[in-house]
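A short worksheet on the structure shown next.
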C-alpha cells in the first residue's frame, strides 16, 4: 500500500487495515517458522506497512 493511498483512509479504515496486516504478519511468521517461505522479505514489508498505517493513524488522531 502506498503512502498516498494510506493518507486517504479514514480512522476506522486505518484501524481495520492495521488489524488485517497484523493477522497477515502473524501467519507469515508462523509459516516461516515451520518451513522457510519463498520470499521472506514479505515479513519485513508487512511490518513496514503496519508502521506506516500506525503513523498515519496517530497523526490523524492528534489532528482532531
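Numbering (our numbering), first residue to last: 366 to 429. Glycine included, each C-beta is placed from N, C-alpha and C at the ideal position.
Residue from the options whose Cα sits closest to the Cα of residue i
{"i": "residue 381", "options": "414, 393 and 369", "result": "414"}
{"i": "residue 422", "options": "370, 366 and 375", "result": "375"}
Proximity of residue i and residue j at Cβ, strictly below 8 Å
{"i": "residue 384", "j": "residue 411", "result": "no"}
Counted within 10 angstroms of its Cβ, other Cβ atoms place residue i as buried (16 or more) or exposed
{"i": "residue 378", "result": "exposed"}
{"i": "residue 393", "result": "buried"}
{"i": "residue 427", "result": "exposed"}
{"i": "residue 403", "result": "exposed"}
{"i": "residue 409", "result": "exposed"}
Bounding residues of the alpha helix (DSSP H) (the contiguous stretch that carries residue i)
{"i": "residue 425", "result": "406-428"}
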